[in-house]
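Asker: Chains as they are written, first to last, in the numbering used here: chain A, 1 to 133; chain B, 1001 to 1407. Don't be surprised by glycine CBs; every beta carbon is placed ideally from N, CA and C. The structure presented is a predicted model; accordingly, all values stated were derived computationally and were not measured.
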Amino acid sequence: MAYSDKVLDHYENPRNVGVLDKDDPNVGTGMVGAPACGDVMRLQIKVSDDGVVEDAKFKTYGCGSAIASSSLVTEMVKGKTLEEVAAIKNAEIVEELALPPVKIHCSVLAEDAIAAALADIKAKREEQQKASA
Amino acid sequence: MSSLNIPIYLDYSATTPVDERVAKSMAECLTMQGNFGNPASRSHPFGWRAEEAVEEARRNVAELLGAVPKEIVWTSGATESNNLAIKGAALFNQKKGKHIITMKTEHKAVLDTCRQLERDGFEVTYMDPLENGLLDLEAFKKEIREDTTVVSIMHVNNEIGVIQDIQAIGAITREKGIIFHVDAAQSPGKVAIDVDEMNVDLMSLCAHKVYGPKGIGALYVRRKPRVRLEAQIHGGGHERGMRSGTLPTHQIVGMGEAFRIAREEMAAENERMRALRDRLWDGVKDMEEIYLNGDLEQRIPGNLNISFNFVEGESLIMSLKDIAVSSGSACTSASLEPSYVLRAIGRNDELAHSSIRFTMGRFSTEEEVDFTIKKVREAVEKLRELSPLWDMFKDGVDLDSVEWAHH
């Protein structure tokens, strides 16, 4: 199977690999997938008080396309508002990385990771509001 | 490093390059000046010469097995041989019974043939291997029934390289009067074969794993006591009616030459393979969380199958782009399922996804092995840095206790 240049680029030079403090109230963490299925993605976003993604980090266990998809997502979300991030669709990842049909599930997993990270930050903020109310 | 030919080929169990000596013998059987005749032509020297070459090749193949030439039937390869052996014997003997025993770790050419027979009303028992990949002989004896007519067990496993105790199985099947078929696609030149000592009735062979050409194989069919088959390909009655079709002289000559070389050079080659295999294993075995798949002793010398935990096999292969290896990862297969062989020997899905098969052969060198060790260590380290599972493992999280969102 031949990989697109973009997949190879993200695979060879993955962007934003790392870990943010998951207990930081401004950090949303999303972990999706399962080892038994061959891919697990962890996406973390750091969100400013006015709802803009300031930083993003990932780690991924999976095939080259899964690693590339999550690397790309960390680039896509930075600087975006939470609403804009929520609007990201897997089709954009497929197009950007020229993923073949058998690798589309990697982009779906990346979209799931975004949703999970957003849900986490939302839950944290609601809890904070409750605590301060 | 100048002696390295990049990419390095370490996938000899998938196929082998044709040995120069083999290629030369084949090239002599193609053109007007060469031995191009139809071996079935009885009316002129072109046919006679071709027939002579085919019979010499038959002797060479037979000799490696300890068989007589008349027991060798040419086919297109091991897949066809497996089909002919299992279907042919099961169908011929169906009045006696319709039960077949095989193993879960067999090649798909055996498993899918058995599935087809199930659709045709046969019953098939698929034995679980022991954790080291070998057949549990006691459990096997218990599965034998009055109506069992065919047992099919592979000699050398293509993924993990383990060698079944064919002689022990053959002793059991012979005593019970059951036809014993052995898929030996991976064993010639690597393990000694003696069909009489092993009590094998049918044995599938191919040329392209033994430095011969693709597209040619053979089926050994025992004459004493005689094993009878229902032909699967009908036509001109070639190969004593068991497999019709004009014999491809150049392919057959190539297989004969490959088997002659395998017989003569096996001892020296195995010693060299074992040294290379041990060198590779010694170079990686101190790494954390790696698992050797299959028995290390009951195994052909050129095979190492290793799971690198917390790293996914396809991405590891991507990192090893200068080295040609294969993986049990789902992502490298058409089915999106991880290796059924590794699952059958009790490896979980994670370890099956994380496996790499290294197979060395006639043209492998120490330099290639050393290069591979270095690249593997670098790649695994890099990918573990990227792996959230490795983080969790290092933090002492039990991954089995995590509730994963399966998809």
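In the DSSP output, what is B/His1181 paired with across the bridge?
Answerer: Per DSSP, B/Ser1152 and B/Leu1202.
Asker: Determine the direct distance from the alpha carbon of A/Ile45 to that of B/Met1001, and round the result to whole angstroms.
Answerer: Model confidence at B/Met1001 stands at a pLDDT of 47, short of 50, so the residue's coordinates are unreliable; what they give is reported in the following sentence. The alpha-carbon atoms of B/Met1001 and A/Ile45 are separated by roughly 44 Å.
Asker: Against chain A, does B/Leu1181 count as a neighbour if the rule is that its beta carbon must be under 8 Å from one of theirs?
Answerer: The amino acid at residue 1181 of chain B is misidentified as Leu; the sequence shows His. For B/His1181, the answer is no, since every Cβ of chain A falls outside 8 Å of its Cβ.
Asker: What in chain B is Cβ-close to A/Gly62, meaning under 7 Å?
Answerer: Per Cβ cutoff of 7 Å: Glu1312 and Ser1315.
Asker: Given this structure, state the Cα-to-Cα distance separating B/Pro1007 from B/Phe1371, to the nearest angstrom.
Answerer: Cα to Cα, the separation comes out at about 11 Å.
Asker: Show which residues of chain B have a CB atom less than 7 Å away from the CB atom of A/Lys59.
Answerer: Here the neighbours are Leu1386, Ser1387, Pro1388 and Asp1391.
Asker: Which residues in chain A sit within 9 Å of B/Pro1007, going by Cβ to Cβ distance?
Answerer: The contacting residues do not exist; B/Pro1007 stays about 14 Å from chain A at best.
Asker: Measuring CB to CB, does A/Gly138 end up less than 8 Å from A/Met76?
Answerer: Residue 138 of chain A lies beyond the stretch modelled for chain A, which goes from 1 to 133, so this question has no answer here.
Asker: For B/Asn1305 versus B/Asn1293, is the C-beta distance shorter than 8 Å?
Answerer: Contact: yes.
Asker: So which residues of chain A does B/Asp1349 contact, with C-beta pairs closer than 9 Å?
Answerer: Correct list: Ala34, Pro35, Ala36, Cys37 and Gly38.
Asker: For B/Gly1294, list the residues DSSP reports as bridge partners.
Answerer: For B/Gly1294, which the question treats as bridged, DSSP gives no partner whatsoever.
Asker: Quick one: measure Cβ to Cβ for B/Lys1104 and B/Ala1344, integer angstroms, because I've assumed they're closer than 8 Å.
Answerer: Confirmed, about 4 Å.
Asker: B/Ile1193 to B/Leu1064, Cα distance in whole Å?
Answerer: One C-alpha to the other measures close to 7 Å.
Asker: If the cut is a Cβ gap below 8 Å, which residues of chain B does A/Val19 touch?
Answerer: The answer, in chain order, is Asp1391.
Asker: Once DSSP output is grouped into helix, strand and coil, what is the label at A/Asn26?
Answerer: Coil.
Asker: Using only alpha-carbon positions, find the residue among B/Ala1379, B/His1208, B/Val1151 and B/Lys1224 that is nearest to B/Met1127.
Answerer: Cα-wise, what sits closest to B/Met1127 is B/Val1151.
Asker: Confirm, please, whether the CB-CB distance from B/Pro1069 to B/Arg1059 is below 8 Å.
Answerer: The answer is yes: Cβ separation under 8 Å.
Asker: B/Ser1329 versus chain A: which residues are under 9 Å apart at the beta carbon?
Answerer: Gly38 and Cys63, listed in chain order.
Asker: So, for B/Val1221: in the same chain, excluding its five sequence neighbours on each side, which residues have a beta-carbon less than 7 Å away from its beta-carbon?
Answerer: Result list for B/Val1221: Glu1071, Val1073, Leu1202, Val1227, Leu1229 and Met1242, in chain order.
Asker: So, helix, strand or coil for B/Leu1135, using DSSP?
Answerer: It is a strand residue.
Asker: On the DSSP bridge list, what partners appear for B/Val1073?
Answerer: For B/Val1073, which the question treats as bridged, DSSP gives the partners B/Leu1219.
Asker: Please classify B/Ala1184 as buried or exposed, where buried requires at least 16 other C-beta atoms within 10 Å of its C-beta.
Answerer: It counts as buried.
Asker: Just to confirm, is the Cβ distance from B/Gly1217 to B/Ala1207 under 8 Å?
Answerer: Yes; because the gap between Cβ atoms is below 8 Å, this pair is in contact.
Asker: On the three-pair Cβ rule with 8 Å, is the region 1162-1177 of chain B touching the region 1294-1304 of chain B?
Answerer: Short answer: they touch.
Asker: Using the Cβ count rule (16 or more neighbours within 10 Å means buried), how would you classify B/Glu1186?
Answerer: In the sequence as displayed, the identity of residue 1186 of chain B is Gln instead of Glu. Per the 10 Å Cβ criterion, buried.
Asker: Rounded to the nearest angstrom, what separates A/Ala2 and B/Ala1085 at their Cα positions?
Answerer: Approximately 38 Å, taken between the alpha carbons.
Asker: Closest to B/Leu1280 by CA distance: which of B/Glu1366, B/Glu1146, B/Glu1385 and B/Glu1257 is it?
Answerer: B/Leu1280 has its Cα closest to that of B/Glu1366, out of B/Glu1366, B/Glu1146, B/Glu1385 and B/Glu1257.
Asker: Flag B/His1353 as yes if its beta-carbon sits less than 8 Å from any beta-carbon of chain A, otherwise no.
Answerer: Chain A contact via Cβ: present.
Asker: Can you find a C-beta in chain B that's less than 8 Å from the C-beta of A/Pro14?
Answerer: Taking Cβ atoms only, chain B reaches closer than 8 Å to A/Pro14, which makes this a yes.
Asker: Can you tell me which residues form a DSSP beta bridge with A/Gln44?
Answerer: DSSP output for A/Gln44 lists A/Thr29 and A/Lys57 as bridge partner(s).
Asker: Can A/Gly38 and A/Ala117 be called in contact, C-beta distance under 8 Å?
Answerer: Going by C-beta atoms, A/Gly38 is not nearer than 8 Å to A/Ala117.
Asker: Please name the residue, chosen from A/Lys124, A/Lys59 and A/Ser107, that lies closest to A/Pro25 on a Cα-to-Cα basis.
Answerer: That would be A/Lys124, whose Cα lies nearest to the Cα of A/Pro25.
Asker: Work out the CA separation of A/Ala113 and B/Ile1233 for me, nearest whole Å.
Answerer: Distance between the alpha carbons of B/Ile1233 and A/Ala113: 54 Å.
Asker: Name, please, each residue of chain A whose Cβ falls closer than 8 Å to the Cβ of B/Met1287.
Answerer: Result: empty, since nearest Cβ-Cβ is about 17 Å, beyond 8 Å.
Asker: Run through DSSP, which three-state label would B/Thr1125 get?
Answerer: Three-state DSSP puts B/Thr1125 in a strand.
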